[in-house]
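Read the structure below first, then the notes.
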Amino acid sequence: MRPTEFSTRLVAPGENSSQDDCWPHSAGALCSGSMPELAEVEWYRKQWNVGLGKKIVDVRLDGRNRVFRGTDPRELHRRLVDEKFLSSEARGKRMLFKFSSHNWLGIHLGMTGKIRVESGNFHPNKHDHLVLYQSERALVFTDSRQFGRVRFHHGREGPDWWDTGVPEIISAEFDQRFVDRFLDRHRQAPIKSVVLLQNGFSGIGNWMADEILWRAKVRPSKRTGKLTRHERAAIFRATKFVVRRSLETLGRNFTDPPKNWLIHQKWRREGVCPLHRTLLRHTIIGGRTTAWCPRCQK
Ligand SMILES: [Zn+2]
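With the sequence shown counted from 1, adding 8 to any position gets you the working numbering.
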């Protein structure tokens, strides 16, 4: 990555840099959208569970839409009809849905993608790019800005694009050694930018990264190469904790994370540190608005 991508500058609270820097719940004036991170992705993945074990009776899609880039939508259509929806899993920000007769559907929600269920007589709207009809319901993928992606794979083995070799944060493979090695590869970059890299911190996005660094008491603009061993350990522990608790709340039923988390203050104009009520600062790092506490994070 080029060094310029890690440039930092100060911004006033509320001077939001981009639409993806948002919190879906306490949205308000500062936010206009939200980009799903691993806990939201996990929640969306489960929305189609109601159709598990049931046949797909029809498929509706607009194959010219760019969410199907790199995929043959006609093959998707032809192969999925009459097959059963068997299972699904999520990795980082990606989802994989398995169907009978060795058919696989990958979905990345991008910035505005959503997964939902409608009734069996549902008529797709402009942004409903893929609808899998079952006899009693419709499994819908919607994406207004079309940064999301739908991929199809047919084969006895799962798709090769699914196995990236990057460990899930909740797995045992994501350990201090893995994190240390990853941080060593990005010594010049500010730590905030590094925690957003998907080939190390799979599924972490803007709000989780801020939560992790606040909890670890590390200033987001700090050069990764300057982190002490103690700070690296704190980042590792905070990453595991934030991911686990987010999956238990947001990922389970879309309830808010604990009240004493930074996220509840992050987008407020007068947001304060949950620990001692100091006003939060907002800085743009690597193009992303970053909230942090000047007292806690050195
Ligand atoms: Zn603080």
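Here a beta-carbon is modelled for each residue, glycine too, at the ideal position from N, C-alpha and C.
- Between T298 and P228, the C-beta spacing is below 8 Å.
- Per DSSP, G163 lies in no beta strand (DSSP E) segment and is marked neither H nor E.
- Distances taken from the Cβ of L283 to the heavy atoms of ligand 1 include one shorter than 7 Å.
- DSSP places S201 in the uninterrupted alpha helix (DSSP H) bounded by 199-203.
- Here H131 is exposed. Its C-beta has fewer than 16 other C-beta atoms within 10 Å.
- Shown here, N57 sits in a helix according to DSSP, grouped into three states.
- The beta carbons of L204 and I212 sit closer together than 8 Å.
- A buried status is given to E48, since no fewer than 16 other beta-carbon atoms sit within 10 Å of its beta-carbon.
- In this chain, the beta strand (DSSP E) harbouring N111 covers 111-116.
- F182 and N129 have their alpha carbons spaced roughly 44 Å apart.
- Per the coordinates, the alpha-carbon of V250 lies some 22 Å from the alpha-carbon of I292.
- Taking one beta carbon from each stretch, the region 255-264 and the region 47-63 have 3 or more pairs nearer than 8 Å; the two touch.
- The beta carbon of R124 sits no closer than 7 Å to any heavy atom of ligand 1.
- The beta-carbon distance between Q184 and F244, rounded to whole angstroms, is 5 Å. This is short enough to meet the 8 Å contact definition.
- For V125, same chain residues with a beta-carbon under 8 Å away, outside a window of 5 residues either side, are Q55, W56, V58, G59, R145, A146, L147, V148 in chain order.
- DSSP places W170 outside both helix and strand once states are collapsed to three, so it counts as coil.
- At a Cβ-Cβ threshold of 8 Å, T232 and V202 count as neighbours.
- For the alpha helix (DSSP H) assignment, the uninterrupted runs of no fewer than 4 residues enclosed by the region 59-133 are, from N- to C-terminal side, 81-88.
- Of the candidates K234, A242, D90, K234 places its Cα closest to the Cα of R195.
- If you draw a straight line from the Cα of D218 to the Cα of L94, it is about 36 Å long.
- The region 134-145 makes no contact with the region 167-179, as fewer than three CB pairs between them are under 8 Å.
- If you check the C-beta of R223 against ligand 1, you find no heavy atom less than 7 Å away.
- G279 and L288 do touch by the CB rule: their CB atoms are close to 5 Å apart, below 8 Å.
- Take the alpha-carbon of G163 and the one of N111: they are about 7 Å apart.
- Residues of the same chain with a CB within less than 8 Å of the CB of D80, apart from the 5 flanking positions on each side, are F160 in chain order.
- The continuous beta strand (DSSP E) containing L147 extends over residues 145-151.
- Per DSSP, the continuous alpha helix (DSSP H) segment holding I271 begins and ends at 271-274.
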